[in-house]
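I have placed the structure first, in the form of structure tokens, so that the comments after it can refer back to it.
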Amino acid sequence: MGDIDFRGLGQDAALLIERLGTHPTPDFHRDFVERMGGAGDPDRARRAIETLVAAGLLTPGGADRYHMEPSVHRDADRRSRVTRGGRLSGVAGWYLRRMAAVDLATVERPRWGRIFATADVRDQLFPGAEQALTAMDPDRANIAPLMRTLFAEGEYGRAYQLGETLHGYYRARGRHDEWIVCLGLALAAAVSQDSRVAAARMHLELAAAHRARGWFDDLTAMTHLRRAHHLATTADPPHRPTADQAREALATLTEPGSRRGVR
Numbered sequence: 733m734g735d736i737d738f739r740g741l742g743q744d745a746a747l748l749i750e751r752l753g754t755h756p757t758p759d760f761h762r763d764f765v766e767r768m769g770g771a772g773d774p775d776r777a778r779r780a781i782e783t784l785v786a787a788g789l790l791t792p793g794g795a796d797r798y799h800m801e802p803s804v805h806r807d808a809d810r811r812s813r814v815t816r817g818g819r820l821s822g823v824a825g826w827y828l829r830r831m832a833a834v835d836l837a838t839v840e841r842p843r844w845g846r847i848f849a850t851a852d853v854r855d856q857l858f859p860g861a862e863q864a865l866t867a868m869d870p871d872r873a874n875i876a877p878l879m880r881t882l883f884a885e886g887e888y889g890r891a892y893q894l895g896e897t898l899h900g901y902y903r904a905r906g907r908h909d910e911w912i913v914c915l916g917l918a919l920a921a922a923v924s925q926d927s928r929v930a931a932a933r934m935h936l937e938l939a940a941a942h943r944a945r946g947w948f949d950d951l952t953a954m955t956h957l958r959r960a961h962h963l964a965t966t967a968d969p970p971h972r973p974t975a976d977q978a979r980e981a982l983a984t985l986t987e988p989g990s991r992r993g994v995r
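Take the sequence shown: its letters are residues 733 to 995, numbered as in the working numbering.
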């Protein structure tokens, strides 16, 4: 398929396809597509989606999924880079809310960030952990590319916020290597933005990921915990909850045979 005639689609449909172009892959959750269209108006979103489907630019793909041909997706991505600044806000916001809701459903742990208390996250709480994990599975492959794009385009705040939300899903699904890679980028984002608290949180999460991977990673985990404690205590003002978490986790690692207790 050749270049898309954006002018012939109408304003809402053209804007929707540009926003879909910012998504890491050409496979989308229905809720994502609906939220990207219509400027918050469900009727306008529905009409925009119908326009793209009728034009053969978007295809329903099973339960709660839509698909776009890769060539169309690449063209939409190129268009979004030309026409708009802040082009990643929609896709980043959707994944932040989704991952935060999954995290809340799957693990009890101290958290950092207002995202966990927002109405959008609370409204989509899942009935249980397995339902949350299963709902997220089809979109897991988008997280690492999204994190790379956020970092590459200087969206540092969104990158480390996303890093904070990954804990529940990645730990439960045992995807430790992928988790660690994502958190490494989130940490680099926090350092780039000179946020000591965010960097402390990412070190804390990296420690959790290394510990979850196995006992052979305990020394690496200890290094991250010490760094988290230092950054949290020297932040202005100090972030006591993170410092306390790091100290408590270090205590469990320095006690022989006591790996349990750190989530």
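Every residue gets a Cβ at the ideal spot worked out from N, C-alpha and C, and that includes glycine. As the structure is a prediction and not an experimental result, all values here were calculated from the model.
C-alpha gap between residue i and residue j, whole angstroms
i           : j           : result
residue 875 : residue 805 : 17 Å
residue 952 : residue 979 : 15 Å
residue 976 : residue 964 : 9 Å
residue 852 : residue 831 : 12 Å
residue 775 : residue 856 : 21 Å
residue 858 : residue 946 : 29 Å
residue 930 : residue 899 : 15 Å
residue 861 : residue 943 : 21 Å
residue 810 : residue 763 : 23 Å
residue 872 : residue 884 : 20 Å
residue 802 : residue 746 : 17 Å
residue 903 : residue 917 : 18 Å
residue 750 : residue 986 : 52 Å
Best match in the options for proximity to residue i [C-alpha to C-alpha]
i           : options            : result
residue 919 : 960, 841, 854      : 960
residue 925 : 909, 957, 939, 886 : 886
residue 847 : 788, 897, 928, 864 : 897
residue 983 : 750, 765, 950      : 950
residue 758 : 784, 799, 781      : 799
residue 828 : 794, 741, 879, 808 : 879
residue 797 : 854, 811, 868, 771 : 868
residue 905 : 789, 841, 865      : 865
residue 754 : 767, 745, 813      : 813
residue 892 : 877, 903, 863, 845 : 845
residue 854 : 841, 836, 870      : 836
residue 825 : 911, 981, 916, 894 : 894
residue 908 : 921, 863, 940      : 940
residue 838 : 822, 823, 850, 863 : 863
residue 743 : 767, 760, 783      : 783
residue 901 : 962, 840, 834      : 834
residue 761 : 771, 790, 737, 888 : 790
residue 788 : 889, 767, 737      : 737
residue 821 : 921, 888, 778      : 888
Terminal residues of the beta strand (DSSP E) in which residue i lies
i           : result
residue 760 : 759-761
residue 799 : 797-799
Whole-Å CB distance - residue i paired with residue j, under 8 Å assumed
i           : j           : result
residue 881 : residue 756 : 7 Å
residue 956 : residue 935 : 4 Å
residue 748 : residue 780 : 4 Å
residue 928 : residue 966 : 7 Å
residue 969 : residue 842 : Contact doesn't hold; Cβ gap of about 18 Å is too wide.
Extent of the continuous alpha helix (DSSP H) run through residue i
i           : result
residue 940 : 928-945
residue 750 : 743-753
residue 852 : 851-855
residue 778 : 774-786
residue 918 : 908-924
residue 971 : Run containing residue 971: none; DSSP gives neither H nor E here.
residue 964 : 950-966
residue 835 : 821-838
residue 882 : 875-884
residue 890 : 888-897
residue 789 : Taken as a continuous stretch (DSSP letters only), residue 789 belongs to no alpha helix (DSSP H), as it is neither H nor E.
residue 864 : 861-868
Residue i CB to nearest heavy atom of the ligand PLP below 7 Å
i           : result
residue 793 : Questions concerning the ligand PLP fall outside what the structure shown contains, since it holds no ligand whatsoever.
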